[in-house]
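Notes follow once the structure below has been shown.
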Amino acid sequence: MKTTSFFASLFFLFLFLPGGPWKKSPAAGYDVFYQKPDRTMAKTLRPVFAAAKDSVAAFFGQNFPRPFAIYIHPDRASMDAQWQHDWQMPDFKSECWMVASGVGARLDLLSPRQWATQACEHDWARQEASRRLITHELVHVYHGQRNPSPDFSDVQGLDWLVEGLAAYASGQCDEARLAPVRAAVRDGKAPATLDKFWSGPLRYGLSGSVVAWIDHRYGRQTLIDLLPLTRKQAALDRLGVSEAQLLKDWQEYVVARK
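Per the numbering used here, residue 450 is the first one in the sequence shown, and the count goes up by one each step.
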């Protein structure tokens with residue numbers, strides 16, 4: 450009797466917690482989950498998610514291999530709790546600029562309704578930037594579905610590829626990001642190894658531009674062939690180039706690109 454009463458109480462709390470339980474909105478190839486405060490936001494985001502998914506599929510020339518879920522978190526505490534569970538880091542607290550993440554099975558997104566008060570560096574009113582951000586995370590979802598480590602936890606030496614691909618394929622590697630990278634190359638301040646690309650304030654431009662170079666030089670199919678790889682040397686072997694030569698060729702490409 451005590452057990453029955455206990456679980457009944459838990460069920461009651463689950464139903465009447467602020468925001469209530471997760472509600473599901475099915476879409477083509479994925480499900481969107483949200484709570485009551487984001488009923489309107491979920492409707493607003495539906496075409497954004499659909500367009501981002503189509504953009505990713507068009508970039509890779511094929512649809513997502515498997516269905517996935519999108520969770521619109523009602524607040525940062527909800528999103529942090531999910532990441533604490535997924536990353537097995539019970540004390541993790543996200544930085545204010547962190548508003549989304551994507552892995553093979555899901556995309557977690559802080560509700561744009563909360564960006565003005567619970568986030569920094571993001572403005573939902575900047576529609577193109579917001580669309581690119583969501584597309585960036587869906588590139589991670591696609592990549593995760595093509596990689597033996599769907600959450601990238603066993604991917605080593607390829608941060609530049611994982612993040613650079615998402616920046617490039619989403620359209621985030623634009624002139625605003627390329628200009629300071631070009632200046633760094635001209636000033637002799639570009640990283641000397643790929644391991645240094647995903648670091649510092651230029652990390653998106655650096656990583657995105659080297660992926661753009663691979664796409665330009667070796668072709669889209671070769672870029673796609675890198676998705677299942679989990680080690681840097683395997684990627685270099687697939688490209689048939691040394692790291693030093695790749696970086697030399699990349700520098701020439703970046704400086705020449707306008």
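Glycine residues also receive a C-beta, built at the ideal position from the N, C-alpha and C atoms.
Treat the numbers as computed from the prediction; the structure is a model and nothing was measured.
Practice item. On the DSSP bridge assignment, give the partners of Phe517 in chain order. Key: Tyr479
Point to revise | Backbone secondary structure at Asp638 - three-state DSSP | key: Rather than Asp, the amino acid found at residue 638 in this sequence is Lys. In the structure shown, Lys638 sits in coil (DSSP, three-state: anything other than H, G, I, E or B).
Point to revise | Cβ-based neighbour list, Ala457, same chain, cut-off 7 Å, excluding 5 preceding and 5 following | key: Because the pLDDT of Ala457 is 42, which lies under 50, any placement of that residue in the model is unreliable, and the number read from its coordinates should be weighed accordingly. Answer for Ala457: no residue qualifies.
Review point. Alpha carbon to alpha carbon, how far is Phe509 from Arg595?
Key: 11 Å
Review point. Sorted by chain position, which residues of the same chain lie with C-beta nearer than 7 Å to Leu610's C-beta, five sequence neighbours on each side aside?
Key: Val660, Leu675 and Ala684
Check your understanding: How about Val548 and Ala565: are their beta carbons less than 8 Å apart?
Key -> no
Review point. Three or more beta-carbon pairs under 8 Å between the segment 539–546 and the segment 496–512, yes or no?
Key: no
Check your understanding: Relative to the C-alpha of Lys485, which residue among Pro523, Ala500, Lys697 and Pro496 is closest?
Key -> Pro523
Check your understanding: Should the segment 489–509 be regarded as contacting the segment 567–587, the criterion being three or more beta carbon pairs within less than 8 Å?
Key -> yes
Point to revise | Assumed close pair Tyr653, Gln621 - CB separation to whole angstroms, cut-off 8 Å | key: 6 Å
Exercise for review: Specify the secondary structure class of Ser648 as computed by DSSP and reduced to three states.
Suggested key: coil
Practice item. Report the rounded CA-to-CA distance for Leu627 versus Val703, giving the unit in angstroms. Key: 8 Å
Review point. When the Cβ atoms of the segment 593–608 are set against those of the segment 624–639, are three or more pairs found closer than 8 Å?
Key: no
Point to revise | DSSP bridge partner residues for Val552 (one or two, in chain order) | key: Arg555
Check your understanding: Trp532: which of Trp647, Gly551 and Pro516 sits nearest, CA to CA?
Key -> Gly551
Exercise for review: Return helix, strand or coil for Phe460, following the three-state DSSP convention.
Suggested key: Annotation note: pLDDT 41 at Phe460 (below 50); position unreliable, no value reported.
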